[in-house]
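Residue numbers (numbering that gives the first Met the number 0): 0 to 1185.
Even glycine gets a Cβ: it sits at the ideal position worked out from N, Cα and C.
Computed from a predicted model, the values in this text were never measured in an experiment.
The structure appears below as structure tokens.
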Amino acid sequence: MGLQVTLLVATSVAEEGLDIRQCNVVIRFDLAKTVLAYIQSRGRARKPGSDYILMLERGNMSHEAFLRNARNSEETLRKEAIERTDLSHLDGTSMLSPVDISPDSMYQVESTGAVVSLNSAVGLVHFYCSQLPSDRYSILRPEFIMQKHEKPGGSTEYSCKLQLPCNAPFEKLEGPICSSIRLAQQAVCLAACKKLHEMGAFTDMLLPDRGSGEGEKTEQNDEGDPLPGTARHREFFPEGVAEILHGEWILSGRDGYQSSQFIKLYLYSVNCVNIGTSKDPFVTQLSNFALIFGNELDAEVLSTTMDLFVARTIITKASLVFRGPIEITESQLILLKSFHVRLMSIVLDVDVDPSTTPWDPAKAYLFVPVGAEKCMDLLREIDWTLVNSIVNSDAWNNPLQRARPDVYLGTNERTLGGDRREYGFGKLRHGTAFGQKAHPTYGIRGAIAEFDVVKASGLVPGRGWGHFNDYQNKGKLFMADSCWDAKDLAGMVVTAAHSGKRFYVDSICYNMNAENSFPRKEGYLGPLEYSSFADYYKQKYGVELVYKKQPLIRARGVSYCKNLLSPRFEHSEASNGEFSENLDKTYYVYLPPELCLVHPLPGSLVRGAQRLPSIMRRVESMLLAIQLKDIIGYPVPANKILEALTAASCQETFCYERAELLGDAYLKWVVSRFLFLKYPQKHEGQLTRMRQQMVSNMILYQYALNKNLQSYIQADRFAPSRWAAPGVLPVFDEETRDSEPSIFDEEFTPSSELQKNLYDDYDGDSMQEDGEIEGDSSCYRVLSSKTLADVVEALIGVYYVAGGKIATNHLMKWIGINAELDPQEIPSSKPYNIPESIIKSINFDTLEGALGIKFQNKGLLVEAITHASRPSSGVSCYQRLEFVGDAVLDHLITKHLFFTYTDLPPGRLTDLRAAAVNNENFARVAVKHKLHVHLRHGSSALETQIREFVKDVQEELSKPGFNSFGLGDCKAPKVLGDIFESIAGAIFLDSGCATSVVWKVFQPLLDPMVTPDTLPMHPVRELQERCQQQAEGLEYKASRTGNVATVEVLVDGIQIGVAQNPQKKMAQKLAARNALVVLKEKETAAKKDTEKDGEKKNGSQFTRQTLNDICLRRQWPMPQYRCINEGGPAHAKRFVYAVRVNTSDSGWTDECIGEPMPSVKKAKDSAAVLLLELLNRNYRGKPDGK
């Protein structure tokens, strides 16, 4: 890819006002006329490390003189900027001359060379105060108190006392005695700068320390790529395999040499029990399988019971049972390996042959069939008769039974070659992409064959058996490759030679043969398309049946191997009636025996084996969880660790989201406590940034990578088609690309032009869900870095539930999160020296009575109710206590909700937490218990806002049973929620960091706590979800006139709601609430109209299907639809369709145009209803041929 240069050519007008932050080079062709123009044009090179180039005329002395002058002026300005401070507001001040500068008049940091002098100290102190945390009610600035000192000789000297805002590391500092007011002020400020640097409030560059991670929170870098820790940042990771599954024994006998030595392995039987009933024997039938491992599995694997959702009314409980160690010879192992390959080739629809299969010791275990009876000799439990019959079957010689890739088998969504996923995977893995039908393993899955191609290939033997009557009298059936007893076919698997599909044989229909009439499609009333089964196969496949008198085989399709770990059925649906019958309905096909090849694997074996991939997916996941548990080194149940490693995208019955919610709150609390106690001089802004640096998703993502957690995470919905068969190297590995070419490769290889188009269409930046990958890779998956960060928090939550604080601290230390303080490092809570005037102004009895607790250290309570706008008087403001109190309450409330609602889905639990832990709710609780009357502040604007809010809250509380949980119509002053949190922080410290005391105080204050039944939904969210369900476009338009914001709600471009409020968010909430009221009224009115229309139409509803039925009954052609208009933005697209029909008696009807609708189906329905009304008018009273 070539380099790109963005060039902007401009005149001297660009010297001012042009701001291009990514500008790397500025080249000035004409020399600037003034030094000011030189400085301004130089400032256009904004990016650090950029170049500024001046073009001078060679030999022009005036140009060279100007350049020297400009450089000197620039250096002078730079030095002046460093030393200058604005002291014009002080009387009798004059600039210090260089002679006055001495070591005592400046402070320098040796490590960086940063200097602050008497001249710059005052400005630096003012700047520091402006950077302290504050709100719009408080203006923070230093105060100077001058004191005169009269000398006996008549001269006057001055000293200055500096008083900083209450949230500074120290409040008061007295400076030295100086000869002038100005020097006294400068001297105390210089001393303050030195002290602030020593206390850590200033960095080594003598700038206010804002804490770690000062940069703005961004989602992407300068190039637009997502940053690590964000949901959009995704990486390609190999899938982990538990080390206990590794076994070199799987490679035995690969060179043809068979040793007489025995190999010790371990046998585990698969125990399946059906819960529920079904009339379908194919669902209830269970096969006996066992697994052979090279190592003994952990006991926790055996205690794991997994639910397999096999049918709507049946759940199979599956588990592993340890049978014991077995010793087998290499010859026996080769037989079992061959059986394993044959079984997996059918279950997973992959073409692998035992003689050429590359074995992989990384995941070494085998599936083996076992008998129903248990034996003392475990070797005899294996069904060797079945193993030998399947391995040695001649049927495997027919490539059609294996869906060979060297036979053109058509295409469908399961084939690898030419599909969207394999193209993307090839591009991702190899830098190339296979074209349509050009992949080396094309046709390896889901075979659908053209019969003439199969016939020409010689895969189907000749069908001229002769002596048909003799064989029929003996109960024989002529199959495609042999004769079979009819009674032996039931339950077998047959492959249809004309389509390549596989079917289970249900029964033999002796009352039907190929000359019977071909059945109509359900609901089709038109003329018959095929006169008989024989006619169907002749017309559709070009097959002339030979034995038309043979009875037909009734069969049902062999389904693909499914993911049985995800609930696939709505068990709450009605169990009776027509709907239930449709769900339970089984669809059968009728096949001529002469077009069927009997598969060597019995049907019961295939059906049972299709459950094995889902079982082993869970077993493999459990083994990874156990391995991680052993590495961490703390006894926590492995199934809980597996829950913390499983993302919601797996769509299983559990995921990490609940544990992640708890872990997030616990991590925030632990880190907040650590920072608060370790850095008593840091203000709330610094602590917040430091906490963000310790618990941000980017940091947690790095911790996860350091501990290799990406190998343990289960983030993709299990797809058996992408599952690597155990013991066998993945078909889709790099070797696949270099495999020998098929005889059809040349036919299906795309031209270079086509390859170019394929590359052009590929979008490497397309968004993917976790676990998804554009290809059938069994070894790789895509994970977002946020998923890795979430797993860290989920592990914290799981360890907290299972082992409490000790287990969680152990895990956090293993991860690398150091948030544990040495008891000796925790500063003791010293009593505050509170002025007597403040003590008298606070009614401690009333406040402590409202809280239900007596404080040992009254100073903490005073600090908790002191706002930064209050003039400093030796008491700090509540900001630091609010920082730790917010974390404590978040942790305690989340913990309460987590353990109270154990069965609540993660989404609802998140909503409960959001409703309970928010500043609006806390502010209302503070007003309810009259905590606001004790707030110490110095802002009249704040007092006015509190009064208005209290009035609204009292109106809310007067309504019986009403609780808005922060979703009221009045925006709360943030200060009220802050003091509620700061009081929690004060109780936490006063009780010796005991969270139990905090919860004992705050649980009754928060009562009634939000519950799933009382959980309110935010109007904005409710409206958004409703519009998404109805496919309606939602838009907000906001404007501001003076101090009032106006928000309009538009649904499909029509104004539905409007509201005004000084705050834009509140106006949006009120407008959404008004819109919901209007929409609900419209829905109620529309429902009544529909009921009236339904009564008039006898309950019938006109749809496109109604129009189609009329056309079939009258033998008219199907209606013709055309799109009239398609427009609107992407979120509010509208379709308009027209329809007409060609009637047999009157020709084409008038074209009926429907209403604009959000989808094509609805638009067609709208047009069809109008045409039905037209037909009803035209044909009323006429016979319709029903």
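Discussion item. So for Gln-130, helix, strand or coil by DSSP?
Written reply: Start at 1 with the first residue of the sequence shown, and residue 130 comes out as number 131. Note: Gln-130 maps to coil in three-state DSSP.
Worksheet item: Are Arg-233 and Val-1077 close, meaning C-beta to C-beta below 9 Å?
Response: On the sequence shown, residue 233 is found 234 positions in, with the first residue counted as 1. On the sequence shown, residue 1077 is found 1078 positions in, with the first residue counted as 1. When the beta-carbon positions are compared, Arg-233 and Val-1077 stay at least 9 Å from each other.
Worksheet item: Taking all protein chains shown into account, do 16 or more other C-beta atoms lie within 10 angstroms of the C-beta of Gly-774, making it buried, or fewer, making it exposed?
Response: By 1-based counting over the sequence shown, the position of residue 774 is 775. With a pLDDT of 39 at Gly-774, under the threshold of 50, the modelled position of this residue cannot be trusted, and the question is left open.
Worksheet item: Got a sec? Which residues, its chain only, sit under 7 Å from Gln-331 by beta carbon, not counting five neighbours each side?
Response: Here residue 331 refers to the residue found at position 332 of the sequence shown. The beta carbon of Gln-331 sits closer than 7 Å to no other beta carbon from its chain once the five residues preceding and following it are set aside.
Worksheet item: Around the Cβ of Val-1159, are there at least 16 other Cβ atoms within 10 angstroms (buried) or fewer (exposed)?
Response: To locate residue 1159, count along the sequence shown from 1; it is residue 1160. Around the Cβ of Val-1159, a 10 Å sphere holds fewer than 16 other Cβ atoms; the residue is exposed.
Discussion item. Cutting at 7 Å between CB atoms, please list the residues of its own chain near Leu-1169, excluding the five before and the five after it.
Written reply: As a working note, residue 1169 is residue 1170 in the sequence shown. Taking C-beta separations shorter than 7 Å and ignoring five residues to either side along the sequence, the partners of Leu-1169 in its chain run Cys-1151, Gly-1153, following chain order.
Fill in: Residue from Pro-357, Val-320, Asn-510 with nearest C-alpha to Arg-553
In the sequence shown, the residue the question calls residue 553 occupies position 554. If you compare the alpha carbons of Pro-357, Val-320, Asn-510 with that of Arg-553, the shortest gap goes to Asn-510.
Worksheet item: Where does Trp-722 sit, in a helix, a strand or coil, going by DSSP?
Response: Sequence index remark: in the sequence shown, residue 722 carries index 723 (1-based). In the three-state scheme derived from DSSP, where H, G and I count as helix and E and B as strand, Trp-722 is classed as coil.
Worksheet item: Bridge partners of Trp-1115, per DSSP?
Response: Position 1116 of the sequence shown, counted from the start, is the residue given in the question as residue 1115. DSSP output for Trp-1115 lists no bridge partner at all.
Worksheet item: Which residues mark the beginning and the end of the beta strand (DSSP E) in which Cys-508 is found?
Response: Here the question's residue 508 lines up with position 509 in the sequence shown. First-last of the beta strand (DSSP E) with Cys-508: 501 to 512.
Worksheet item: Between the beta-carbon of Val-694 and the beta-carbon of Leu-666, is there less than 9 Å?
Response: In the sequence shown, the residue the question calls residue 694 occupies position 695. In the sequence shown, the residue the question calls residue 666 occupies position 667. Taking the C-beta atoms as reference points, Leu-666 is found nearer than 9 Å to Val-694.
Worksheet item: Going along the chain, which residues of its own chain have a beta-carbon closer than 7 Å to the beta-carbon of Ala-801, five neighbours each way excluded?
Response: Position 802 of the sequence shown, counted from the start, is the residue given in the question as residue 801. Only Val-635, Pro-636, Lys-639 meet the Cβ criterion.
Worksheet item: Taking the alpha carbon of Arg-135 as the point to measure from, which residue in Lys-362, Ala-867, Pro-905, Tyr-1136 has its own alpha carbon closest?
Response: Locating residue 135 in the sequence shown gives position 136, where the first residue counts as 1. Checking every option, the nearest Cα to that of Arg-135 belongs to Ala-867.
Discussion item. On the CB-based measure, 16 or more other CB atoms within 10 Å of its CB, does Glu-421 come out buried or exposed?
Written reply: Sequence index remark: in the sequence shown, residue 421 carries index 422 (1-based). Unreliable placement is indicated for Glu-421, whose pLDDT of 36 sits below 50; the coordinate value is still reported in the next sentence. So Glu-421 ends up on the buried side.
Item to complete: Please work out which residues of its chain come closer than 7 Å, Cβ to Cβ, to Ala-849, disregarding the five sequence neighbours upstream and downstream, and give them in chain order.
Response: Translated into the one-based positions of the sequence shown, residue 849 becomes position 850. Scanning its chain for C-beta atoms nearer than 7 Å, with the 5 sequence neighbours on each side dropped, one finds around Ala-849 the residues His-928, Lys-929, Leu-930, in chain order.
Worksheet item: Contact between the stretch 666 to 677 and the stretch 111 to 126: three or more CB pairs below 8 Å?
Response: At 8 Å Cβ cutoff, the stretches do not touch.
Discussion item. Can you check which of these residues, Ile-795, Val-346, Met-198, Ala-1070, is closest to Tyr-559 by C-alpha distance?
Written reply: Counting from 1 along the sequence shown, the entry for residue 559 is found at position 560. Distance from the Cα of Tyr-559 is smallest, within the candidate group Ile-795, Val-346, Met-198, Ala-1070, for Val-346.
Fill in: Ala-993 classed as buried or exposed, judged by whether at least 16 other C-beta atoms fall within 10 angstroms
If you number the sequence shown from 1, residue 993 lands on position 994. Exposed, by the Cβ-count rule.
Fill in: Inter-residue Cα distance where the pair is Val-1057 and Leu-1069
Position 1058 of the sequence shown, counted from the start, is the residue given in the question as residue 1057. Position 1070 of the sequence shown, counted from the start, is the residue given in the question as residue 1069. Whole-angstrom Cα-Cα distance: 8 Å.
Fill in: Coil, strand or helix - Ile-712 by DSSP
By one-based count along the sequence shown, residue 712 stands at place 713. The answer is coil: DSSP assigns Ile-712 none of H, G, I, E or B.
Worksheet entry | Proximal residues to Leu-563 (C-beta, below 7 Å), its chain only, five neighbours per side dropped | Residue mapping note: residue 563 aligns to position 564 of the sequence shown, counting from 1. Shown here for Leu-563: same chain residues with a beta carbon closer than 7 Å to its own, the five before and five after excluded, namely Leu-307, Phe-308, Val-309, Arg-610, Ser-613 in chain order.
Item to complete: With Val-924 as the anchor, note down where its alpha helix (DSSP H) starts and where it stops.
Response: Position 925 of the sequence shown, counted from the start, is the residue given in the question as residue 924. Here the alpha helix (DSSP H) through Val-924 covers 918 to 927.
Worksheet item: Could you give the distance in angstroms between the alpha-carbon of Lys-681 and the alpha-carbon of Glu-1047?
Response: The count along the sequence shown starts at 1 and reaches residue 681 at position 682. The count along the sequence shown starts at 1 and reaches residue 1047 at position 1048. In this structure, the alpha-carbon of Lys-681 lies about 44 Å from that of Glu-1047.
Worksheet item: Whose C-beta lies closer than 7 Å to the C-beta of Thr-807 among residues of the same chain, with five residues either side of it excluded?
Response: Translated into positions along the sequence shown, residue 807 becomes position 808. Within the same chain, Tyr-665, Ile-795, Tyr-798, Tyr-799 come within 7 Å of Thr-807 by CB-CB distance, once the 5 residues on both sides are set aside.
Discussion item. Is it buried or exposed, Ser-318, if we count other Cβ atoms within 10 angstroms and call 16 or more buried?
Written reply: Position 319 of the sequence shown, counted from the start, is the residue given in the question as residue 318. Residue environment for Ser-318: buried (at least 16 other C-beta atoms within 10 angstroms of its C-beta).
Worksheet entry | 7 Å CB neighbourhood of Arg-140 in its chain, flanking five on each side removed | Residue mapping note: residue 140 aligns to position 141 of the sequence shown, counting from 1. Take Arg-140, set aside five residues on each side of it, and the residues of its chain with a beta-carbon closer than 7 Å to its own are His-125, Cys-128, in chain order.
Worksheet item: When the Cβ atoms of the stretch 262 to 272 are set against those of the stretch 314 to 329, are three or more pairs found closer than 8 Å?
Response: Judged by pairs of C-beta atoms under 8 Å, the stretch 262 to 272 touches the stretch 314 to 329, as three or more such pairs exist.
Discussion item. Taking 8 Å as the cut-off, does the stretch 645 to 652 touch the stretch 853 to 873 (at least 3 CB pairs, one atom from each stretch)?
Written reply: Flag = no, the stretch 853 to 873 and the stretch 645 to 652 do not touch.
Worksheet item: Asp-885: which of Cys-165, Asn-1175, Thr-1102, Leu-975 sits nearest, CA to CA?
Response: For the purposes of this step, residue 885 is identified with residue 886 of the sequence shown, where counting begins at 1. Looking at the Cα atoms, Leu-975 is the closest of the given residues.
Discussion item. Could you check whether the stretch 589 to 600 touches the stretch 488 to 504, counting it as contact only if at least three pairs of C-beta atoms, one from each stretch, sit closer than 8 Å?
Written reply: At 8 Å Cβ cutoff, the stretches touch.
Worksheet item: Out of curiosity, what's the CA-to-CA distance linking Gly-984 and Pro-679?
Response: For this step, residue 984 is matched to residue 985 along the sequence shown. For this step, residue 679 is matched to residue 680 along the sequence shown. Straight-line Cα distance between these residues: approximately 14 Å.
Fill in: Enclosing alpha helix (DSSP H) for Lys-628 [first to last residue]
For this step, residue 628 is matched to residue 629 along the sequence shown. For Lys-628, the enclosing alpha helix (DSSP H) starts and ends at 611 to 631.
Item to complete: Would you check if there are 3 or more beta carbon pairs closer than 8 Å linking the stretch 368 to 386 to the stretch 320 to 328?
Response: Counting Cβ pairs under 8 Å, three or more are found: they touch.
Worksheet item: Can you tell me where the beta strand (DSSP E) with Gln-162 in it begins and where it stops?
Response: Locating residue 162 in the sequence shown gives position 163, where the first residue counts as 1. 155 to 162 is the span of the beta strand (DSSP E), which, as asked, contains Gln-162.
Worksheet item: Applying the criterion that 16 or more other CB atoms from any shown protein chain within 10 Å of the CB defines a buried residue, is Ser-783 buried or exposed?
Response: What you label residue 783 is simply residue 784 of the sequence shown in a count that begins at 1. Around the beta carbon of Ser-783, 16 or more other beta carbons lie within 10 angstroms, which makes this residue buried.
Practice prompt. May I ask you to report which of helix, strand or coil DSSP gives Leu-544?
Written response: Start at 1 with the first residue of the sequence shown, and residue 544 comes out as number 545. Here Leu-544 sits in coil by DSSP.
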